[in-house]
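Everything on this sheet refers to the single structure shown next.
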Amino acid sequence: MLAKAKRHIPQRSCIICKRKTAKHELLRLVVDEKGRILFDEKQRLPGRGAYVCPAQPCVAKLFTKHGDKRLRYAFRGKARELPQKTIDKILEILTVPKGATKGYEQGKNL
Ligand SMILES: [Zn+2]
1 MLAKAKRHIP
11 QRSCIICKRK
21 TAKHELLRLV
31 VDEKGRILFD
41 EKQRLPGRGA
51 YVCPAQPCVA
61 KLFTKHGDKR
71 LRYAFRGKAR
81 ELPQKTIDKI
91 LEILTVPKGA
101 TKGYEQGKNL
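Just so we're aligned: 58 in UniProt numbering is position 58 of the sequence shown, and the numbers increase by one with no gaps anywhere.
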């Protein structure tokens, strides 16, 4: 089981740009039982996740009406609220890159 986990790197698509990236390189969002969208910094919270690139263009779009729609779709209508705390946390990561954004290179296009 462990060997299999090592070989296989789980991939997820960014809900904004749809690009597939290794799960651990993306920002994970989950929705709690009250419908609040939380930033799952350690990727350990239960439930269905939505993933976004830790890149300015994707994150910026996440906070627009367009991103709102994508989040609702990703969470199958369970998301009701995007708390300011979640937004702040994500923005904090972007301005001070460390940990969760490890491996991210700005401007890298595949
Ligand atoms: Zn993206």
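Here a beta-carbon is modelled for each residue, glycine too, at the ideal position from N, C-alpha and C. Note that the structure is predicted; figures quoted are calculated from it, not measured.
Looking only at its own chain, which residues have a Cβ that is under 7 Å from the Cβ of residue i, when we skip the five neighbours before and after it?
| i | result |
| --- | --- |
| C58 | C14, I16, C17, V52 |
| I9 | A22 |
At a threshold of 7 Å, does residue i count as lining ligand 1 (C-beta to nearest heavy atom)?
| i | result |
| --- | --- |
| R19 | yes |
| A74 | no |
| I37 | no |
| I16 | yes |
| A55 | yes |
| V52 | yes |
Might you give, ordered along the chain, the residues of its own chain that have their beta carbon closer than 8 Å to the beta carbon of residue i, omitting 5 neighbours on each side?
| i | result |
| --- | --- |
| L91 | V59 |
| Q11 | K20, T21, A22, K23 |
If the criterion is Cβ atoms closer than 8 Å, does the pair residue i and residue j meet it?
| i | j | result |
| --- | --- | --- |
| F63 | I87 | yes |
| G49 | E81 | no |
| V31 | K78 | yes |
For residue i, I'd like the list of residues in its chain whose CB is within less than 6 Å of its CB, leaving aside the five on either flank, ordered along the chain.
| i | result |
| --- | --- |
| Q43 | R28 |
>> What ranges does the beta strand (DSSP E) occupy inside the UniProt domain "YlxR" (12 to 78), keeping only unbroken runs of at least 3 residues that lie completely in it?
In response: 20 to 22, 27 to 31, 37 to 39, 49 to 52
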